[in-house]
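To keep things clear, I will list the structure first and then write my remarks on it.
Residue numbers (this note's numbering): 32 to 613.
Next up, the structure:
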């Protein structure tokens, strides 16, 4: 173990390094060495990207490359570093050097790793290069990770052979960047102004595997540094000055008290990963950081903010807000019934059906026995009661004896189960349903619908999306490429299943009209590791959409993903040891 990496390198790298060092099982160690390489590459790329953004100088090729920031794969991160660093070097606005692109025969461990990877991927072509650059090692590792990730492609015996070579190479790769020792990482917890108008930055320094509190005092604020951001810091005397914000690529979660890194998410969803944590706590999917990305990348993502849309605008909230507004209680019906008082008095209804006038007028004499004030109060109360009852009976003209607000809410829900053509036709022929679904008081709705035709646009806007269940469509949604395609997106090797393990996760997929996945839901699971892997894989599938009456419709379908351990291939070794027949 290299103590400089453990004690002096940035916190997320030092923690991932320590976790890889302590791994004993070969497959687990192989996975954690890969994680250590990934977080190192992302850290260097984040520094170069932040320098490019903060310099305000732009290049079309770099901007085009950075458009992949919403779902960055490992290859994207290598591209981010290559393009931004080349541009930053020409502008002399980087703390990195051109040694990343230069071949060096002294990088023995990188050379050995590149040769081993080439021979592993192409056994029939021996590799014997004598010099290599850090960029060559990154490209080889990206190619190797892509080929050995998923379907448990890497076997235990391969891990035993490759682990020492890859671990030593990643170590040398990390040590080839003076950045990690010349600068420090810190969380800017607060920025306050003291009595002398100095800006006091409350910092939490992240060196090695520990987090230590410190402070930096500046006479002027830095517009690029904000409270709550992780920043790269430059030593200044006995202080460290934050000068380069790494937010929102690297973030600090207060509730988990740890550093998370931007990861490859599902669709437009933003996902973060903590490389030194395991289980459910390792993944974080925020919705509120979309604005931070739009602000950080500014003109680069201008006009493409929809890449970070996490969900379409929800229709149900307007319906829920409209519920408490229409019901006529005391203030709403007070004005209309006063105008119609002479018409409402002769029937004097009690609850639902009209009754004789004597029964409705009976409550008035009761308070009249007390005093003149009681008479006035009794008359007012009687008028309000009669007006309210008259409004309940005569206001709803849809023929429904119950309250109008529930009818206005349930009617659109029934319409959502019909095809779009029927829905539009019903909205045109009915004069009461569209107006009832608007979020306005019932008294105003009654007067407006008598002489004006209702608008046909509100129902499609407020109608929540409906996903037809299995059996509710003419042809079901089908996975493009077959249902086994889901296993292409699951890294079986990282789940560490025993040879006798077997389990099934059932995931319900909500498929839109274009065949994409709007959301997923685990209906039967094993544990968070397997459930998350299955849901993530299903979310990346493409479907042929379900069809009803010849039209593509939203639908839902359930997929079963089987997880099964794989025994060691002992028979193959015996066959290889058997001599051929004479």
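Ideal placement from N, C-alpha and C gives every residue a C-beta, glycine not left out.
Asked	Found
Nearest-angstrom Cβ-Cβ length linking residue 231 and residue 225, presumed shorter than 8 Å	5 Å
Span separating the alpha-carbon of residue 448 from that of residue 547	Note that residue 448 has pLDDT 42, beneath the 50 cutoff, so the model's placement of it is unreliable and the number below is only indicative. Their Cα atoms are separated by approximately 21 Å.
Residue(s) in a DSSP beta bridge with residue 591	537
For residue 304 and residue 314, the rounded distance between their alpha carbons	5 Å
Buried or exposed (CB count within 10 angstroms, at least 16 for buried), residue 248	exposed
From 149, 274 and 117, residue whose alpha carbon lies closest to that of residue 168	149
Bridge-paired residues (DSSP) for residue 242	237
CA-to-CA distance, residue 159 to residue 293, given in whole angstroms	36 Å
Expected contact under 8 Å - CB spacing of residue 262 and residue 252 to nearest Å	Contact flag wrong, Cβ pair sits at about 13 Å.
Cβ separation of residue 47 and residue 214, assumed to be a contact under 8 Å, to the nearest whole Å	Between residue 214 and residue 47 the Cβ distance is about 18 Å, and since that is not below 8 Å, they are no contact.
Backbone CA spacing between residue 228 and residue 560 [nearest angstrom]	50 Å
For residue 331, the three-state DSSP class (helix, strand or coil)	helix
Backbone secondary structure at residue 294 - three-state DSSP	strand
CA-to-CA distance, residue 563 to residue 526, given in whole angstroms	11 Å
Closest by C-alpha distance to residue 157, when choosing among 327, 566, 540 and 146	146
Bridge partners - residue 221, DSSP secondary structure assignment	233
Whole-number beta carbon distance between residue 173 and residue 106, since they are thought to touch under 8 Å	5 Å
Other residues of its chain near residue 190: CB distance less than 6 Å, five sequence neighbours each side excluded	57, 58 and 61
Test item: CB-CB of residue 585 and residue 505 under 9 Å	no
Inter-residue Cα distance where the pair is residue 240 and residue 34	11 Å
Reference residue 112, options 131, 514 and 413, closest by Cα	131
Within 9 Å, strictly: CB atoms of residue 517 and residue 577	no
Straight-line gap, residue 196 to residue 555 (C-alpha atoms, nearest Å)	40 Å
Reduced DSSP secondary structure (H/G/I, E/B, other) of residue 208	coil
Other residues of its chain near residue 541: CB distance less than 6 Å, five sequence neighbours each side excluded	498, 549, 550 and 587
Candidates 187, 193 and 177: closest to residue 141 by CA position	193
Identified DSSP bridge partners for residue 62	DSSP lists no partner for residue 62.
Limits of the unbroken alpha helix (DSSP H) element including residue 171	165-179
From 154, 116, 326 and 574, residue whose alpha carbon lies closest to that of residue 512	574
C-alpha distance - residue 244 paired with residue 238, whole-angstrom precision	11 Å
Whole-angstrom distance between residue 496 and residue 266, CA atom to CA atom	55 Å
Any C-beta of chain C under 9 Å from that of residue 323	You won't find chain C in this structure, because it holds only one protein chain.
Segment contact flag, the stretch 532-539 with the stretch 63-74, C-beta cutoff 8 Å, min 3 pairs	no
DSSP state of residue 554 mapped onto helix, strand, coil	strand
Alpha-carbon spacing of residue 114 relative to residue 500, whole angstroms	47 Å
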